[in-house]
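Everything below concerns the one structure shown next.
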Amino acid sequence: MSDRAVLSETSGEFLTLHEFVKAAKIRLTPNIWDYLIGGADSETTVKRNRQALDSLAFRPRVLRDVSTIDCTGTLLGRKLRIPVLLAPVGSLESFDPGGAAVAARAAGAFGVPIMVSSVTQPGLEATAQATQGPKIFQLYVRGDDAWTDDFVRRARDAGYDAFCFTVDTAVYSRRERDIAKRYVKPWRARATGHSFQAGLNWDHIKRFKDKHDLPLILKGIATAEDAELAVKHGAAAVYVSNHGGRQLDHGRGTTDILPEIVEAVHGRAEIIIDGGFSRGTDVLKALALGAQAVSLGRLYCYGLAAAGEAGVFRVLELLETEIATSLGLLGVPRLAALDRSCLHPAMPVAAPHVHSAFPLLNLADEGYGGR
277 MSDRAVLSET
287 SGEFLTLHEF
297 VKAAKIRLTP
307 NIWDYLIGGA
317 DSETTVKRNR
327 QALDSLAFRP
337 RVLRDVSTID
347 CTGTLLGRKL
357 RIPVLLAPVG
367 SLESFDPGGA
377 AVAARAAGAF
387 GVPIMVSSVT
397 QPGLEATAQA
407 TQGPKIFQLY
417 VRGDDAWTDD
427 FVRRARDAGY
437 DAFCFTVDTA
447 VYSRRERDIA
457 KRYVKPWRAR
467 ATGHSFQAGL
477 NWDHIKRFKD
487 KHDLPLILKG
497 IATAEDAELA
507 VKHGAAAVYV
517 SNHGGRQLDH
527 GRGTTDILPE
537 IVEAVHGRAE
547 IIIDGGFSRG
557 TDVLKALALG
567 AQAVSLGRLY
577 CYGLAAAGEA
587 GVFRVLELLE
597 TEIATSLGLL
607 GVPRLAALDR
617 SCLHPAMPVA
627 APHVHSAFPL
637 LNLADEGYGG
647 R
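Adding 276 to a residue's 1-based position in the sequence shown gives its number in the working numbering.
Take a look at the structure:
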């Protein structure tokens, strides 16, 4: 039996995505749960991510021959089973002892990339060794140019396909869920050298491109102006992100940002987006607006916390099912045929919050995300 079949059978108890959310909450400590679902300050940006997605409705077409559905996509020249990747998340070992290596194995087995955070275990090389699938390394800069160059060399030698700088963390945000509990996340307690991240500027990006040949991704782009600069500095992909609402409070939802990024990039680089994406329909909306791939954060962490490698695989499997079903009902036989004509502005039908994509979810949590 294939590895895929084993993973699928192992996680067969999960038939909907919202079941992973509940299972994750049961298994995680309150501090780790709040770290996973929380955002900065008033958590307004978290809610706006969902509000932006929920403010788009579909315009389905009929009699379009959807007897065959193609859910595949591409990113940086690699074919993907579905056009998603696993976002860089710090402290993945908080959700499963194997951390990023476990998530990487699931992503590789399914056929999508993982973007590995520099602040998660078991580290750059061990995570790369866990998968033959596509992988990208994401760096928080904590040292000088030589320090950064060493990470680039290690990433290239370990077989990473691209390198990513996160550029929206010049200042640590205030996450009041953690502060109120006096909880300090493990990686933040160990962090030093944050002045290097704060000092990051476009000269550093130029230096990277002049010195290194790995494709470059800039994560945390939220304006057309910065998207234009990213392309001019040679970025292979512009990653639209507000850090899942965990950095600047009262920011815009990323789906609201996406159209201006697409216009500014104008096909000169690929576009990745994250920010509240929880369902197959969410993925389709981003692709219809012009993104090449959607990066999943909290969603795959629920799978990791609930059932480890099999849980992440099953999350991706269910997401693929939702994507295929929605494509068929939209009258669109392949993802490449999606465009803005498939969308229409609409009023959200529920108040936005981190779990508003899951109306059947019933969590008895501490005032957020349940019913």
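From the three backbone atoms N, C-alpha and C, an ideal C-beta is built for every residue, glycine too. Note that the structure is a prediction, hence the values are computed from the model and not measured.
For the putative contact between residue 389 and residue 382, defined by C-beta atoms under 8 Å, what is the C-beta separation to the nearest angstrom? Contact doesn't hold; Cβ gap of about 12 Å is too wide.
If we count the other Cβ atoms within 10 Å of its Cβ and call it buried at 16 or more, is residue 291 buried or exposed? Residue environment for residue 291: exposed (fewer than 16 other C-beta atoms within 10 angstroms of its C-beta).
Consult DSSP for residue 577 and reduce its assignment to one of helix, strand or coil. The answer is helix: DSSP assigns residue 577 an H, G or I state.
Please state if the CB of residue 347 and the CB of residue 596 are separated by a distance shorter than 8 Å. Contact: yes.
Which residue comes first and which comes last in the beta strand (DSSP E) that contains residue 546? 546-549 is the extent of the beta strand (DSSP E) around residue 546.
Sequence-distant residues of its chain with Cβ nearer than 7 Å to residue 635 (five each side left out): Answer for residue 635: 626, listed in chain order.
If you follow the alpha helix (DSSP H) that residue 327 is part of, which residue opens it and which one closes it? That run of the alpha helix (DSSP H) goes 320-330.
Cβ shell of residue 445 (< 8 Å), same chain only, five flanking positions each side left out: 416, 473, 496, 519 and 523, listed in sequence order.
Alpha carbon of residue 357 to alpha carbon of residue 412, nearest angstrom: Their Cα atoms are separated by approximately 17 Å.
According to DSSP, is residue 373 helix, strand or coil? Residue state for residue 373 is assigned as coil, using DSSP reduced to three classes.
In the DSSP assignment, what are the bridge partners of residue 412? Answer is 391 and 438, bridged to residue 412.
Could you check the C-alpha separation between residue 624 and residue 401 for me, to the nearest Å? Taking C-alpha positions only, residue 624 is separated from residue 401 by approximately 44 Å.
Rank 385, 551, 607 and 582 by C-alpha distance to the C-alpha of residue 569 and give the top, closest one. Sorting 385, 551, 607 and 582 by C-alpha distance to the C-alpha of residue 569 places 551 at the top.
Are the region 529-545 and the region 554-570 touching, with three or more C-beta to C-beta distances below 8 Å? In this structure the region 529-545 lies against the region 554-570, because at least three pairs of beta carbons, one per stretch, are closer than 8 Å.
Could you tell me whether the region 490-507 touches the region 436-456, using the rule of 3 or more Cβ pairs below 8 Å? Judged by Cβ distances under 8 Å, the region 490-507 makes contact with the region 436-456, as three or more pairs qualify.
Beta-bridge partners of residue 350, as assigned by DSSP: According to DSSP, residue 350 bridges with 355.
Collapsed DSSP secondary structure at residue 496 in the structure displayed: Assignment of residue 496 by DSSP, reduced to helix, strand and coil, places it in the strand class.
If the criterion is Cβ atoms closer than 8 Å, does the pair residue 491 and residue 438 meet it? Yes. Within cutoff.
Keeping to the same chain, check which residues put their C-beta closer than 6 Å to that of residue 510; ignore five residues upstream and five downstream. Contacts found: 485.
Determine, using beta carbons only, whether residue 336 and residue 560 come nearer to each other than 8 Å. Cβ distance not < 8 Å, so residue 336 and residue 560 don't count as in contact.
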